[in-house]
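Structure record follows, encoded as structure tokens.
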Amino acid sequence: MLNLSSSVRGRARDSRRGRVWCGARRQWVASVAAVALIAPAALVMLGQPAGAVSGDISTIAGTGGVGEHGDGAPAVSATLDQPQGLTVDAHGNVLIADSTNNRVRVVAVSASNPGYPLSGCFSTVPCRWTVGDIYVIAGHGLGGYNGDNIPATSAQLFAPTDVVVDHAGNPIISDSLNERVRVVAVSATNPGYPVPHWTVGDIYTVAGNGLSALQYAGDGGYATDAQLFSPDRVTVDTHGNLLIADTGNERVRVVAVSASNPGYPLAGCTGPCTWTLGDIFTVAGDGFSGFNGDYIPATAAELNSPTGVAFDHDGDLLIADTENARVRVVAVSASNPGYPLVSWTPGDIYTLVGNGGAGYAGDGFLAASAQLNAAQDMTVDAHGNLLVADTSNERLRVVAMSTSNPGYPLAGCPGRCTWTVGDIYTIAGDGIGAYNGDGILATEAQLYSPTDVAVDAHGNVYIADSVNSRIREIEIGAAATRPCAPRTVSASPRKNEAVVHWLAPSCTGGSAIIGYVVTPYLKTTALPARTFRSSATTEIVTALTAKKTYRFKVAARNSIGLGPQSAFSTAVTIDSTSASNT
């Protein structure tokens, strides 16, 4: 049933350094070593350059140089190696499948670590979670497989192509060349995955037995006994079930985590399928590579290297049918949520984007008439619009589903773009595979093999700009402002220093807090301020004079700038005798 030769598989397992993923089959080919090595100038950590406007693009992780350095330091100074997948967790942190580095990493956006295991900062210093910094949360960098039930940061991954976060906060990893999907335990208890143990910080396989034979097996049985073949993207539905683009097997499969089937068509079982927790099922694709039409049952349809999976707000399954140059939908909801289709039958499959011809055409027109070129993944924004990483067209495109544009820059239409429901538009990338800088309008920027897209709670868009070895952001949400003042400042004396504590500002200005400035006062005279590049709300102010009485004010900094000072702290008189570390 498979038309993928073993020679492709052999090339995929070649040495990583100096090579890139090429095409939906993910063959390794020689890369252009000098691609996108220009470091961004004047970029503000974890945000747009100062003065940027809505629609501009910036880098939030990666210098453009290929490497595996920078953990425990600002993400914009770190090196990535062809990141394939990304997601934004419930706290706004950006998780990255740093594929060629065989790691999953996180860019800290929230004030504190929600529970991820951290490693790779420094050999002798434990990681301290700092907003704007990047950390490894899974994989020690050597491609391979050294087992489960071990700390995630000690585990081997092999070309992880995607990462998502389930409803309990656990990262799910498509460990592609290990033929597995794995989970990093962050929640206190197992939400229902077929694993016998559950220890926070450890990694487990939730689907795939790791066998590398080019074959397909296991539907209707335990997911960890099934065979996967180069699983690419993964996602979690609203019920907690895990969907897998089983790319080499030309199928999309589901691991049952919820108590009952929410409406997926099931196939591939021996006899009638029975939805059983922990089992795996095929929900789309008959295993043959090709295209045999739409308006037919999804399990009878041919797919051609399905790479990406996502959901719309009604629970319908979206598939990036990559080599068929289409985005397709499997009808799960009872009625069509608004797609331009002539009929809607639950369980059937339909094309939403792409006419099947690989190329670039169609902006400003109906999405189903447009051309895509090896589109690898997609997501749905809060308004229901479908964003597509049109990989080989070097663009990010959007299919309009809401009645008005929520703020995306539009380009590529004949004349001026008018937002029309059902039409497709380019919102990032000028079609040239390269890098021409940040702090410019996203539609004028160059992308190089964008492979994934995610949207945060503010509507900002994140792109895995793979061959540029960067994660980039398009500012769409309301423009950020300076943060409010910190609250309830207090101080306690120590020998020649004071411990100053405060509560974080009640408003961050729409951009994460990246540091604080503490100013000591002698009566009303301000002394030199102390700057702390940290989101911590307790700091030690040193080099104070014994027996003098000080008060303190604190101001918060985000990517836009420094906010107003707080009210004065309580007054403290510095001790001359107590130990400085008490």
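FYI, numbering that gives the first Met the number 0 numbers position 348 of the sequence shown as 347, with every residue one higher than the one before it.
Glycine included, every Cβ here is placed at the ideal spot set by N, Cα and C.
Residue i and residue j closer than 8 Å at C-beta
i    : j    : result
A374 : V326 : yes
L176 : A206 : no
A453 : T188 : no
F551 : Y520 : yes
V571 : S491 : yes
D320 : L302 : yes
H500 : T530 : no
C120 : G71  : yes
G430 : N392 : yes
G134 : A107 : With the sequence shown as reference, residue 134 is identified as Tyr, and Gly is not the correct amino acid for it. Going by C-beta atoms, Y134 is nearer than 8 Å to A107.
A367 : L351 : yes
I136 : D218 : no
G363 : P413 : yes
L276 : V253 : no
S534 : A110 : yes
Own chain, CB closer than 6 Å to residue i, minus 5 neighbours either side, in chain order
i    : result
H166 : G239
N101 : G138, G140, G142, L156
H457 : G476
T518 : A525, A528, K552
Coil, strand or helix - residue i by DSSP
i    : result
V199 : coil
S175 : helix
E322 : helix
E393 : coil
Q564 : coil
D574 : strand
S288 : strand
A299 : helix
G131 : coil
D231 : strand
A484 : coil
A367 : helix
D147 : coil
D165 : coil
S76  : helix
D224 : helix
T569 : coil
T275 : coil
E474 : coil
S334 : coil
A441 : helix
S257 : coil
S186 : coil
T417 : coil
S468 : coil
T344 : coil
Integer-rounded CB distance, given that residue j should sit under 8 Å from residue i
i    : j    : result
D231 : A244 : 5 Å
V93  : V103 : At roughly 11 Å, the Cβ-Cβ gap does not stay under 8 Å, so V93 and V103 are not in contact.
V398 : Y407 : No, V398 and Y407 are not in contact; Cβ-Cβ is about 11 Å, not under 8 Å.
L385 : V379 : 6 Å
I318 : P305 : 5 Å
E443 : V460 : The pair is not a contact, with the Cβ atoms about 15 Å apart (cut-off 8 Å).
L661 : G54  : Since the first and last residues shown for the chain are 0 and 581, residue 661 lies out of range.
T58  : V75  : 6 Å
C565 : V488 : The question names Cys, but residue 565 is Ser in the sequence shown. With 8 Å as the limit, S565 and V488 qualify as a contact, their Cβ atoms being about 5 Å apart.
V162 : G84  : 6 Å
R150 : G200 : Position check: residue 150 holds Pro in this sequence, whereas Arg was assumed. Sure, about 6 Å apart at Cβ, within 8 Å.
T152 : R179 : Actually they do not touch by this definition, with Cβ atoms about 17 Å apart.
A299 : D313 : Contact flag wrong, Cβ pair sits at about 23 Å.
Bridge partners - residue i, DSSP secondary structure assignment
i    : result
Y359 : Looking at the DSSP assignment, Y359 forms no beta bridge with any residue, so it has no partner.
G209 : DSSP output for G209 lists no bridge partner at all.
P193 : BP columns for P193 are empty, so no partner.
G96  : Contrary to the premise, residue 96 reads as Ala rather than Gly in this sequence. DSSP lists G84, V103 as partners of A96.
R252 : I243, T281
H457 : Its beta-bridge partners do not exist; DSSP assigns none.
G514 : R556
Y349 : V328
T425 : R396, A410
P593 : Past the boundaries of the shown model lies residue 593; the chain is included only from 0 to 581, so the question cannot be answered.
Chain-order list of residues whose beta-carbon lies under 7 Å from that of residue i (same chain, five-residue window excluded)
i    : result
R415 : none
A297 : P264, V282, A283, V329, G346, D347, I348
A324 : G353, G355, G356, A357, Q370, L371, N372
N259 : The amino acid at residue 259 is misidentified as Asn; the sequence shows Ser. Only W274 meet the Cβ criterion.
A222 : P193, V205, A206, V254, G277, D278, I279
T344 : A330
Close Cβ partners of residue i (< 8 Å) along its chain, the five nearest in sequence each way excluded
i    : result
G168 : D88, A89, P113, G114, V185, S186
G562 : R481, P482, C483, A484, P504, G508, A554, A555, R556
G9   : For G9, the predicted structure reports a pLDDT of 33, less than 50, and the residue's modelled location is therefore unreliable. The matter cannot be settled from this model.
A360 : A369, Q370
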